[in-house]
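Each remark here refers to the structure printed beneath this line.
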Amino acid sequence: MTHQTINKTACILAGIIALGLPLVIRSATYLHILVVLYFYAYLTTSWNLVGGFAGVLPLGHAAFVGIGAYASTVLYLQYGISPWIGMIVGGILATFVGILIGLPTFKMRGAYFALATIAFGEGIRVMIENIDRLGPFVLNGPRGLQIPPRNLGLANFLFAGKEPYYYIILLMLAAVLILTYSISRSKLGYYLNAGGEEPEAAMALGVNVARAKLFAMAMSSFLTALAGTFYAQFTLYIHPKSVVSLDLSFEIAFIALIGGRGSIAGPVLGALLLRPVSDFSRIYFGDTLPGLHLVIFGVVLILVMIYQPRGLQEPLTRIYSNLVDWLAGRKAGEVQA
Amino acid sequence: MNILEIKKLYKDFGGLRALNDLSLTIGQGQIFGLIGPNGAGKSTAFNCIAGVYAPTGGEIFFNGHKINGEKPWNLCKKGLARTFQIVKPFATKSVLYNVMVGSFAKTGSRSVAEGKAIEILEYLHFAEQKETRAGNLTIADRKRLEIARALATEPKLLLLDEVMAGLRPSEVDEMVAIIKNLRNRGITIFVIEHIMRAIMALSDHVVVLHFGRKIAEGSPQQVASDEKVIKAYLGDEYVVSGS
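Protein sequence lines correspond, in order, to chains A and B. Every letter in the first sequence is one number past the one before it in numbering that gives the first Met the number 0, and letter 160, counting from 1, is 159. Every letter in the second sequence is one number past the one before it in numbering that gives the first Met the number 0, and letter 95, counting from 1, is 94.
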């Protein structure tokens, strides 16, 4: 067996397991946890286009989740437009906002960029919280919007069971992973990485760093907004604290940093490792110690940054490639980049 | 045809005039040296040419087109590449990755970019190290990587900013051979260097800067025996006067 066939088999195997899980797991609670896990893996992978490849640390991505969720929900509730169309509308809206945020902020570096994105994200949350009506659109301020579970079906993106949601988010996750993989191997991926590491050198080599980052930001905000619509249709209730909160922005960044930003497997691994922590700490300590999961994340983050600054994907990838080498019957070769 | 022509270039940083009335002309296929004591304005001149700084005054022509204030990435696409005095590798990436960033300047295809990068690495006898992380390279290899990346953009004019500083004598000789070889490939070379041995061996023509002004120009031998140059480098008392 060659390395390639082993890698392919592993991917297919993971796909089959993911597709088959709902047949084995009958408990709605566990299925719900899995859906949310994929949701976070999707969000973090979208975030990774900017936060990982472009080498900056955006901490306001919840704004795009909110824009997506509100856009599709308002269109559905007030005009009866299918959330699938609303999803695209939200995505386009988020793209514009993403570019508007990116234009001034990409000139900043390090902590300044992170702070500026927090400010934008929080600004959008405060605005939504204080606006009951935006022109003809009813936003309901802090009370949020509720989607009545009527007229179920694919056209309305409303289902009685969890399984359809599971497959939809799985499909979205697979699509965004394939997209990320192809970008990382394309000219854009090289340019983003180069511009993130040494902008001056990249510019001298013909890279328009600002344009590459804006392009990544546009894609990232579009994809993030799609997840917002999914969240709205899945939970049927959105309010500013749930979809535009700073907690959500931080959690995305936590997952990416711990999993390994800038890699393809990192966000997925991060979500796989951290989401259960979050869910079970909420189940068992939710009453006594709400927010405990963020404390645990913080501790894990500190440990990971000290011992594995490139994220947990690095040792895991090494183990995996050693395993593949062993299966392929060769001596352990170079660790792939 | 002159590949680079600079006319009355000025550059001010606040109250400091870093470049003062600098004019020079580089012909196709030359190896052109720029020397001067520390702080003379050599790197500032490079940064003005390469689009990092907009000049305060004067004109820069590249291949007959005025390029004042053009962005670095556009200049690179037009065939003007540079290296940095303080090397700036993409440290977490492999040597091959670094060079491929350069070769993407002329192509959108990954396989073409990779082929081009490998060809350049082989040309610089650097191919065995293509999988090495750039951050783990020795200083000599980092300088070589700077050149490899710049070459990958297929330049007509290559600006080399002190590519020999910090190298051992044997490595300097190797680098001199590499640069001469590049000229034979048809690339015009504009080099800043402190190591006189290298400048003497390489350049067809040398310009000497001192406090932003051109104080001498000519063949390496002419410049080296010029009184003003010796004065600038060593101070007044070392000048053997004509008496």
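Cβ atoms here follow ideal geometry from the backbone N, Cα and C, with glycine treated the same way. Owing to the predicted nature of the structure, the values given are computational and were not obtained by experimental measurement.
Please list, in chain order, the chain A residues whose beta carbon lies closer than 9 Å to that of residue i.
{"i": "Pro-54 (chain B)", "result": "In chain order: nothing, as chain A lies at least about 17 Å away."}
9 Å is my cut-off, CB to CB: does residue i come that close to chain B?
{"i": "Arg-309 (chain A)", "result": "yes"}
{"i": "Val-303 (chain A)", "result": "no"}
{"i": "Val-208 (chain A)", "result": "yes"}
{"i": "Leu-268 (chain A)", "result": "no"}
{"i": "Gly-109 (chain A)", "result": "no"}
{"i": "Ala-331 (chain A)", "result": "Because the pLDDT at Ala-331 (chain A) is just 45, under 50, the model does not fix this residue reliably, and the point stays unresolved."}
Residue i CB to nearest chain A CB: under 9 Å?
{"i": "Thr-91 (chain B)", "result": "yes"}
{"i": "Arg-148 (chain B)", "result": "yes"}
{"i": "Val-190 (chain B)", "result": "no"}
{"i": "Lys-230 (chain B)", "result": "no"}
{"i": "Phe-61 (chain B)", "result": "no"}
{"i": "Phe-125 (chain B)", "result": "no"}
{"i": "Tyr-122 (chain B)", "result": "no"}
{"i": "Thr-152 (chain B)", "result": "yes"}
{"i": "Val-51 (chain B)", "result": "yes"}
{"i": "Lys-76 (chain B)", "result": "yes"}
{"i": "Tyr-96 (chain B)", "result": "yes"}
Residues of chain A with a CB under 8 Å from the CB of residue i: which are they?
{"i": "Lys-87 (chain B)", "result": "Glu-197, Glu-199 and Ala-200"}
{"i": "Arg-81 (chain B)", "result": "Ala-203"}
Look up residue i in the DSSP assignment and say whether it is helix, strand or coil.
{"i": "Arg-81 (chain B)", "result": "strand"}
{"i": "Lys-330 (chain A)", "result": "The pLDDT assigned to Lys-330 (chain A) is 48, lower than 50, so where the model puts this residue is not dependable, and the model offers no usable value."}
{"i": "Tyr-52 (chain B)", "result": "coil"}
{"i": "Gly-153 (chain A)", "result": "In the sequence on display, residue 153 (chain A) carries Leu and not Gly. DSSP places Leu-153 (chain A) in coil when its eight states are reduced to three."}
{"i": "Ile-191 (chain B)", "result": "strand"}
{"i": "Glu-69 (chain B)", "result": "coil"}
{"i": "Ala-223 (chain B)", "result": "helix"}
{"i": "Asp-160 (chain B)", "result": "strand"}
{"i": "Thr-24 (chain B)", "result": "strand"}
{"i": "Ile-80 (chain A)", "result": "coil"}
{"i": "Phe-95 (chain A)", "result": "helix"}
{"i": "Gln-335 (chain A)", "result": "At Gln-335 (chain A) the pLDDT is 46, less than 50, meaning the model places this residue with poor confidence; the figure from the coordinates comes in the next sentence. In the structure shown, Gln-335 (chain A) sits in coil (DSSP, three-state: anything other than H, G, I, E or B)."}
{"i": "Asn-192 (chain A)", "result": "helix"}
{"i": "Arg-16 (chain B)", "result": "strand"}
{"i": "His-204 (chain B)", "result": "strand"}
{"i": "Ser-220 (chain A)", "result": "helix"}
{"i": "Ser-320 (chain A)", "result": "helix"}
{"i": "Val-137 (chain A)", "result": "strand"}
{"i": "Arg-309 (chain A)", "result": "coil"}
{"i": "Asp-11 (chain B)", "result": "strand"}
{"i": "Glu-4 (chain B)", "result": "strand"}
Name the chain A residues whose beta carbon is nearer than 7 Å to that of residue i?
{"i": "Cys-47 (chain B)", "result": "Within chain A, no residue comes near Cys-47 (chain B); the closest Cβ sits about 14 Å away, beyond 7 Å."}
{"i": "Arg-143 (chain B)", "result": "Near Arg-143 (chain B) there are no residues of chain A at all, since even the closest Cβ is about 15 Å away, more than 7 Å."}
{"i": "Pro-71 (chain B)", "result": "Met-202 and Ala-203"}
Please determine, among the options, the residue with the shortest C-alpha to C-alpha distance to residue i.
{"i": "Glu-162 (chain A)", "options": "A:Ser-320, A:Thr-316 and A:Leu-22", "result": "A:Leu-22"}
{"i": "Ile-263 (chain A)", "options": "A:Val-299, A:Thr-234, A:Ile-15 and A:Leu-311", "result": "A:Leu-311"}
{"i": "Ile-194 (chain B)", "options": "B:Ala-80, B:Gly-35 and B:Arg-143", "result": "B:Gly-35"}
{"i": "Asp-20 (chain B)", "options": "B:Tyr-9, B:Ile-30 and B:Gln-27", "result": "B:Tyr-9"}
{"i": "Pro-103 (chain A)", "options": "A:Ile-91, A:Pro-275, A:Ile-305 and A:Ala-118", "result": "A:Ala-118"}
{"i": "Ala-154 (chain A)", "options": "A:Ile-80, A:Ser-181 and A:Gly-143", "result": "A:Ile-80"}
{"i": "Val-64 (chain A)", "options": "A:Leu-133, A:Ser-244 and A:Pro-135", "result": "A:Ser-244"}
{"i": "Asn-135 (chain B)", "options": "B:Ala-90, B:Leu-74 and B:Cys-75", "result": "B:Ala-90"}
{"i": "Gly-140 (chain A)", "options": "A:Leu-170, A:Ile-5, A:Ile-237 and A:Thr-287", "result": "A:Ile-237"}
{"i": "Ala-40 (chain A)", "options": "A:Phe-112, A:Ala-173 and A:Thr-116", "result": "A:Ala-173"}
{"i": "Thr-94 (chain A)", "options": "A:Asn-129, A:Ser-45, A:Asn-192 and A:Arg-142", "result": "A:Ser-45"}
{"i": "Met-218 (chain A)", "options": "A:Leu-187, A:Ala-193, A:Ala-203 and A:Asn-207", "result": "A:Leu-187"}
{"i": "Pro-71 (chain B)", "options": "A:Gly-290, A:Tyr-230, A:Ile-16 and A:Val-208", "result": "A:Val-208"}
{"i": "Lys-213 (chain B)", "options": "B:Phe-83, B:Thr-24 and B:Gly-101", "result": "B:Thr-24"}
{"i": "Pro-147 (chain A)", "options": "A:Met-126, A:Val-73 and A:Met-171", "result": "A:Val-73"}
{"i": "Leu-158 (chain B)", "options": "B:Thr-187, B:Arg-167, B:Val-175 and B:Arg-141", "result": "B:Thr-187"}
{"i": "Ile-146 (chain B)", "options": "A:Lys-106, A:Ala-200, A:Lys-240 and A:Ser-181", "result": "A:Ala-200"}
{"i": "Phe-45 (chain B)", "options": "B:Ala-80, B:Met-0 and B:Lys-76", "result": "B:Ala-80"}
{"i": "Ala-151 (chain B)", "options": "B:Glu-127, B:Ile-138, B:Val-162 and B:Glu-118", "result": "B:Glu-118"}
{"i": "Ser-280 (chain A)", "options": "A:Ala-270, A:Gly-269, A:Val-294 and A:Ser-320", "result": "A:Val-294"}
{"i": "Arg-108 (chain A)", "options": "A:Glu-196, A:Arg-132 and A:Leu-326", "result": "A:Glu-196"}
{"i": "Leu-181 (chain B)", "options": "B:Pro-88, B:Leu-201 and B:Ile-59", "result": "B:Leu-201"}
{"i": "Leu-15 (chain B)", "options": "B:Phe-210, B:Thr-131 and B:Arg-132", "result": "B:Phe-210"}
Using beta carbons (cut-off 9 Å, strictly below), is residue i in contact with chain E?
{"i": "Gly-85 (chain A)", "result": "Chain labels in this structure do not include chain E; the protein chains are A and B."}
- Near-chain B residues of the region 179 to 206 of chain A - C-beta to any C-beta below 8 Å: Arg-184, Ser-185, Lys-186, Tyr-189, Tyr-190, Asn-192, Ala-193, Glu-196, Glu-197, Glu-199, Ala-200, Ala-201, Met-202, Ala-203, Leu-204, Gly-205 and Val-206
Practice item. Compile a chain-ordered list of the residues in the region 99 to 116 of chain B whose CB is closer than 7 Å to at least one CB of chain A. Key: Met-99, Val-100, Gly-101, Phe-103, Ala-104, Gly-107 and Arg-109
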